[in-house]
Each structure stands twice: as structure tokens, then as C-alpha cells.
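Here the structure is laid out as C-alpha cells; the discussion comes afterwards.
Number of protein chains: 2
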Amino acid sequence: MAVTIYDIAREAKVGIGTVSRVLNNSPKVTDGTREKVLSVAKKLNYQPHAFAQALARKRSNTLSAIIPFFTNYFFIEVLQGAQETLVSLGYDLIIHGVNSREQMEEYLSKSLKKGRVDGTLIFSLELSDSVAKEFLEKNIPLVLVDTQHPKFTSISVDNFEGVRIATEHLINLGHKKIGMITANLKSVPAKERLIGFKQVMQKNNLSINDRFILSSSQTKNDGFSREAGYESMKQMLQQNSELPTAIFVSSDIQAIGVLAALREHNISVPHDIALVSFDDIELSKYFGLTTMRQPMYKMGELAVHKAIQLIENPGTVLSSETFTPSLIVRGTCGQNPAYSFPSN
Amino acid sequence: MAVTIYDIAREAKVGIGTVSRVLNNSPKVTDGTREKVLSVAKKLNYQPHAFAQALARKRSNTLSAIIPFFTNYFFIEVLQGAQETLVSLGYDLIIHGVNSREQMEEYLSKSLKKGRVDGTLIFSLELSDSVAKEFLEKNIPLVLVDTQHPKFTSISVDNFEGVRIATEHLINLGHKKIGMITANLKSVPAKERLIGFKQVMQKNNLSINDRFILSSSQTKNDGFSREAGYESMKQMLQQNSELPTAIFVSSDIQAIGVLAALREHNISVPHDIALVSFDDIELSKYFGLTTMRQPMYKMGELAVHKAIQLIENPGTVLSSETFTPSLIVRGTCGQNPAYSFPSN
DNA sequence: CTGAAAGCGCTAACAT
DNA sequence: ATGTTAGCGCTTTCAG
Chain A
1 MAVTIYDIAR
11 EAKVGIGTVS
21 RVLNNSPKVT
31 DGTREKVLSV
41 AKKLNYQPHA
51 FAQALARKRS
61 NTLSAIIPFF
71 TNYFFIEVLQ
81 GAQETLVSLG
91 YDLIIHGVNS
101 REQMEEYLSK
111 SLKKGRVDGT
121 LIFSLELSDS
131 VAKEFLEKNI
141 PLVLVDTQHP
151 KFTSISVDNF
161 EGVRIATEHL
171 INLGHKKIGM
181 ITANLKSVPA
191 KERLIGFKQV
201 MQKNNLSIND
211 RFILSSSQTK
221 NDGFSREAGY
231 ESMKQMLQQN
241 SELPTAIFVS
251 SDIQAIGVLA
261 ALREHNISVP
271 HDIALVSFDD
281 IELSKYFGLT
291 TMRQPMYKMG
301 ELAVHKAIQL
311 IENPGTVLSS
321 ETFTPSLIVR
331 GTCGQNPAYS
341 FPSN
Chain B
1 MAVTIYDIAR
11 EAKVGIGTVS
21 RVLNNSPKVT
31 DGTREKVLSV
41 AKKLNYQPHA
51 FAQALARKRS
61 NTLSAIIPFF
71 TNYFFIEVLQ
81 GAQETLVSLG
91 YDLIIHGVNS
101 REQMEEYLSK
111 SLKKGRVDGT
121 LIFSLELSDS
131 VAKEFLEKNI
141 PLVLVDTQHP
151 KFTSISVDNF
161 EGVRIATEHL
171 INLGHKKIGM
181 ITANLKSVPA
191 KERLIGFKQV
201 MQKNNLSIND
211 RFILSSSQTK
221 NDGFSREAGY
231 ESMKQMLQQN
241 SELPTAIFVS
251 SDIQAIGVLA
261 ALREHNISVP
271 HDIALVSFDD
281 IELSKYFGLT
291 TMRQPMYKMG
301 ELAVHKAIQL
311 IENPGTVLSS
321 ETFTPSLIVR
331 GTCGQNPAYS
341 FPSN
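Chains A and B supply the protein sequences, listed in that same order. Note that my numbering has the first sequence beginning at 1, numbered continuously upward. Note that my numbering has the second sequence beginning at 1, numbered continuously upward.
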């Protein structure tokens, strides 16, 4: 039914080999025949059959992205970056949302093994040894986004630097009693952000009051949730008669919970307590959060470029790129007059 | 390099036809050979080559989803529904984000024509006649989500019923002077929601004050934006000395802008003005919006089922399914004590 | 430079 | 019931 290279070969009075050649821009064709073939192809509205090409070329021109579907905001933007650059490069993207590491492994072992995709992007999910081994053995191009592994190229965010910028912003504003609300410390970024925080405090000769440091024991989303932030703030409120003048919260979504808790106690932000957080998710601007922005779109873009490099240039050495988040000043630290907080 | 049915045929001392049969659960195989083949397949860790299958079967077992990437919230959930049911049915999903109708048409004409996907899902984008014709001609299964066309099966939301429920909620609360803030009326849902609103008011013998009905002329996102809502509310505030006691806002994202405008004028919600809106996007709960929830996950699920039905059962008549949104009572109408609004 | 032919891995029709 | 063969549509030798 569909028009194939045979059709255009017949019509153009050439062999299918020649047709294939001009379609693939092979230099070894006369301009005359090339034009003829091209014009017939256009006339017939020819479209190559992707699967047949994939089969013959042993290349599918598609990447798969594995993302934890529950987390939303961050991924949307990274995916958008990935998707748009993929399109511009003539690739397709198969997206696979997983809810757990097991599901990821199941998917990987089923769908990725044979030719379906040329490479894959894994987002925020820790790689188990068995999966890592499989990728290594089968030599499937893999790039990790927002997660890392010594054997694979990855794109991530410099949590330490981000925390430094955020905390020093607070310090520069004159704050000395600074607290921190962290997510579940089993999460790597959560841990890094806490460690980073302590380092910055020390470097600036500020004392760390352990009562001002709360971490979440919640497991849902590793404690990166509004509820976890709310609980942590409540707890800090209960445990202390005196409060810090500023708090660094390890994610925006938690910061939103913190704001709610604070509001319930009639503690005004930024007047009584200043807040900085991390991520700059879509929500953040609606709440006027001063936060550390991760260059999500760019990360997606770069991830794709790396993956394609890996595919088209198998010898590529693995590289681990790190982005530095940037400070977005809005209302929660009180020095951007454009934001009258809360800004809903 | 990879293990093929030839490998397992040789190892199991049978023909490739037999191997293919057992792999495809053909009944015409002896239990003995079946077992033998299966065990060899397992031993060799065989995985079928998706593209070769697709080529031979003329079926790819993948669907593509075309979504306007800019709109975020709504799609995430619908996609999640779509994705999960697709996986459970052994299909893959290729996601394609487009920023304009032109981009959509470009993508369609390039990638969809030949065998790449068995069917496609189009989200919220209006179908041009040429595209519609193409789908019809090529007979490619298509289901529309959150948009409609007489010739294709679609899943959408009953805006009229939703508006009725929302508005009568206000009426039941005792409101008589009710205003509405709409999006750009060039958008179909925006128009439907306005028409629905007027109908309900009439049916309840409530007079409609045109000064209380504001529509946005913004084109970005068809006026479904925070900014548009903010502007509309500002305008209503300027134009009137007296205000309605309740407002129906045609989307949550606009309602958030309305809240901001109201707050600037020290008008308290729900005390001075009650608000109902539409969508129940992720943001809404953080703002305590009372709103009409669209069953997004379910819509994705159903869309997939319809599409697959179309694929596997070409004779299927087109069906247009409509979901009724449900009222989510939070804080903006003031009768849910669980929500002390604003709840950020 | 170009035509013919082999083969990518699999399914399905055709024999047996 | 099972082996054999012919494609699916394309790329890529291999001759010429």
C-alpha cells in the first residue's frame, strides 16, 4: 500500500540500490540520476519505513528515557529539553515511567535488550549493580541524569555549590542563626545538601545548632514532599522556644509545606524567618520562593547530546558533567521588592 | 551478535518456523517441542527483535502521543494514565511535544506516515482539515483527547455539566450576584464554559450582570494563564464599585492570578468573594482552590483502550466519550473547615 | 556510477 | 505438527 523504494525505482527507471543511495546522500551518484530519483520520490510522497531502516542499519534512531513518574515538575522540563533536541537530530523518544526500581529493571530487561533503542537515559534512579553490568556487557549507550555511577556518563547538579550559594546568600543578608530542613537522608541529593550546608556554616565560622536541623524520615518521594516539609517545620516549632532567623530547605516542595506551618503559627516570612530552598520547580514562582534553580532544560539537552555522541562514536570516554544551580531571588528572603510575599 | 530464532532453532533441533510458533503461542505445537524450544530460549536469554517483528507483522505495538508541551499539569496526569495502561498491554509510547499546530503537522507528515506507530493520540490540539483528511485516508487509528472532531473518536470533559455543578455549588451557598472570568473565547472549552455559565444562571432565574463577566484577550495559552486571570480581576476591580459575591473562573491557573489581584486589594477569599474554578491541576490543592476536577488519569487510560480497540478491531465505530468533572471542595468557597485558606 | 543480490530477524503461507 | 520458503522495506556488498 505504502510507496517503497521499489516504486520509485521503477518510476525513475533505476535500481533500488541507486534509490537507496540518493536517499542516503551517497556521493557516488550522478547529479542527473539523483535529481530524477529525488523528484520521483517527492512526487510519490515517499516516506522511508523506519523499522525496515532500523533492521537493515541495525540502528533505530530512538532513545528511551526512564523516569520516575511520581515526581513531576523537574522531569517535565528536562524531558522537554531532551525531546526538542532529539527531534532536531532526527531521533525519537520513547518515554517509560516507572514507579520503582524493580519496575525499571523489568522494563530494561524486556524492552531494551534488542535493538528497540539505540541508547537510554535514566533519570534520578539509582543503578543497581546487575543493571549496570548488563548495560556494560551489552554495551548499550547510557547516560544518567540527576544520578550517578562511576561507570557511566552522567549529568548532574552540583549540590554542594548550590548549597553554598544559597547559604551564603542568607549569610550575606546578615543571618547568623541558620537552620536547615532536609529530606530523607537516604537520598543522595538530600545527604549532599546537608553535608554542604554544614561545610558552608563552618567555613563562615557560624555555629550549627543541631536543634535547628531537622531531617525527614518519610519515605514517599524520599521526603521531598510538601507534607514532609510541613511536618519538619511543625517539629522545629514544637521543639524550640527560640527559632533560627533563616532556614535553608532542601527542596521547594518542602518549602511550601514549611510556609504553611509557619503561617499557622503566624510567623511571617521573610519578616520573622527567611527561607531559601532548592530546585525552582514550576510552583516556586507562585509562592515567591527564593531558591536555587537547576538548569533543567539544559540538562535534558546535554543528556541527549552525550547519548548520541556515545552512539555515534562508540569510543567516547565517559564524562561526568555537573551544572551549577543559580540563585533566583524572589520573596522569601525579603530583598526583592518585586515580590510581595506571599504572592498568590 | 544477539541471539536469534535461528540460534534457538539450531540448539533445539527444530525449524525456525516452529520456534516462531511457540514464541507466538500458536496452538499447533506438541507440548514436547514447545517445552524444548522454550527452555532453549530461556537458556540463551532470547529476546525478540522488536523491529524485525514489526516489519514482518506490519504492526509496531507502539502508539504516539502528541501533546502541547507548554501546558504541563493536565498532560502529566493524562500521560501517566496512558503510559501505564499501555505498558500493561505490551505497547510502547512515543511522546512528541509540539509548540504549535504547524509543528504538529510537520511531525505527523514525517514520522507517522509509515509504520512507525500503530496509532496516535492527539491532546488538546485542534485538528486541521488537511491533517484529518490524511488520517482518514491512510486509515491510521487516531483518538483525540480534550479536543474533538466529528470524524474521530474522542475523550473529553463535559464542560457544560462541570460548569453547572460549579455554579450551582455557588448558588446553593446562597450567592446571587455571581460573576465569571473566562479565558480567550477563541478557545473551545473557554467558550463552552461561558455559555454553560449563562445557561445555569438563567435556569436558576439569576440575573447576569455583564460587568461581572470578563474574558481575556490574551493569546498565550489561550488566556488560560495566571497573568490573564490577574488582569481580568484587576479590570473587574477597576470597572466596578460594587463586586459580585462569587466568581466562577474558567481555570485554576487563572484563579491563582485572581487570588493575587484580590489580595492586593485586601479583598478576602472566601469571606468577601467566593471562588470556584475548573481543572484541579496539581497547583490547586496548594492554593486551596475549590474546583472541578477532570479525571485526567482515567482519560489517559480510556484513550489508550480506545486506540487499541481501533487498532485491533478496525471496524470499530467511532465513539465520543465524555467525562463529567467532579466538584472538589476546598477553601475558596469557605465551607470546608479542613482548609484554612489561603493554605500555602 | 549503477544494477543485482544478499541479508537484517521475524512471521506466515505453503508444503509435507 | 513441523520444516521450508517467501517476503516485510531497506542498506550494503559485489559485480560490472
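For each residue, glycine too, the CB sits at the ideal point set by N, CA and C. Since this is a predicted model, take the numbers as computed values, not measurements.
Check: The ligand GTP heavy atom lying under 8 Å from the CB of B/V188; Outcome: With respect to small molecules bound, the structure shown includes none, and the ligand GTP cannot be examined in it.
Check: Identity of the residues DSSP links to B/F248 by a beta bridge; Outcome: B/M180, B/V276
Check: Coil, strand or helix - B/F224 by DSSP; Outcome: coil
Check: CA-to-CA distance, B/T245 to B/M233, given in whole angstroms; Outcome: 13 Å
Check: Residue environment, A/Y6, which counts as buried when at least 16 other CB atoms sit within 10 Å; Outcome: exposed
Check: Sequence-distant residues of its chain with Cβ nearer than 8 Å to A/T147 (five each side left out); Outcome: I122, F123, S124, L125, E126, L127, S154, S156, V188
Check: Chain A residues whose Cβ lies nearer than 9 Å to that of B/Y230; Outcome: What B/Y230 touches in chain A: nothing, since even the nearest Cβ is about 11 Å away.
Check: Reference B/E106, options A/E242, A/V87, A/V117, A/G119, closest by Cα; Outcome: A/V87
Check: A/P68, DSSP secondary structure in three states; Outcome: strand
Check: Span separating the alpha-carbon of B/I181 from that of B/H271; Outcome: 19 Å
Check: Cross-chain neighbours of B/F51 in chain A, by beta carbon under 7 Å; Outcome: F51, A54, L55, S60, G115
Check: Cβ-based neighbour list, A/S284, same chain, cut-off 6 Å, excluding 5 preceding and 5 following; Outcome: D252, T291
Check: Burial state of B/S241, where buried means 16 or more other Cβ atoms lie within 10 Å; Outcome: exposed
Check: Neighbour list for A/Q80 in chain B, Cβ cutoff strictly below 8 Å; Outcome: F69, G97
Check: Start-to-end residues for the alpha helix (DSSP H) that takes in B/H169; Outcome: 159-172
Check: Proximity test, Cβ basis, 9 Å: A/I328 and chain B; Outcome: no
Check: 9 Å Cβ cutoff, B/L93 in contact with chain A; Outcome: yes
Check: Close Cβ partners of B/V249 (< 8 Å) along its chain, the five nearest in sequence each way excluded; Outcome: M180, I181, G229, A255, V258, L275, V276, S277, F278
Check: C-beta neighbour in chain B for A/Y6, strict 9 Å; Outcome: no
Check: Where A/G257 sits in the DSSP three-state scheme; Outcome: helix
Check: At least 3 beta-carbon pairs within less than 8 Å: the stretch 156-171 of chain A vs the stretch 189-203 of chain A; Outcome: yes
Check: Cross-chain neighbours of B/Y286 in chain A, by beta carbon under 9 Å; Outcome: R226, I256, A260, L283, Y286, F287, N344
Check: is_contact[B/Q83, chain A] using C-beta, thresh 9 Å; Outcome: yes
Check: Every unbroken beta strand (DSSP E) inside the stretch 99-151 of chain A [3 residues or more]; Outcome: 119-123, 142-145
Check: Distance between beta carbons of A/D222 and A/N184, contact taken as under 8 Å; Outcome: 4 Å
Check: Within-9 Å CB hit, A/Q218 to chain B; Outcome: no
Check: Which of helix, strand or coil DSSP assigns to B/R10; Outcome: helix
Check: Nearest to B/H49 (by Cα), restricted to the options A/A54, A/L173, A/I311; Outcome: A/A54
Check: C-beta neighbour in chain A for B/V87, strict 9 Å; Outcome: yes
Check: Outcome for B/T322 when other beta-carbon atoms lying within 10 angstroms are tallied against a minimum of 16; Outcome: exposed
Check: Proximal residues to B/K198 (C-beta, below 7 Å), its chain only, five neighbours per side dropped; Outcome: I208
Check: Reduced DSSP secondary structure (H/G/I, E/B, other) of B/H305; Outcome: helix
Check: Cβ-based neighbour list, B/Y297, same chain, cut-off 8 Å, excluding 5 preceding and 5 following; Outcome: E77, V78, Q80, G81
Check: For B/L321, the first and last residue of its enclosing beta strand (DSSP E); Outcome: According to the sequence provided, residue 321 of chain B is Glu. The question's Leu does not apply to it. It spans 320-323 - the beta strand (DSSP E) in which B/E321 sits, taken as one unbroken run.
Check: B/S340 at chain A interface by Cβ criterion, 9 Å; Outcome: Below a pLDDT of 50, predicted positions are generally treated as unreliable, and B/S340, at 44, falls in that range; no measurement from the model is reported.
Check: CA-to-CA distance, A/E264 to B/S343, given in whole angstroms; Outcome: Low confidence applies here, because B/S343 scores a pLDDT of 38, under 50, leaving its location unreliable and the question unanswered by this model.
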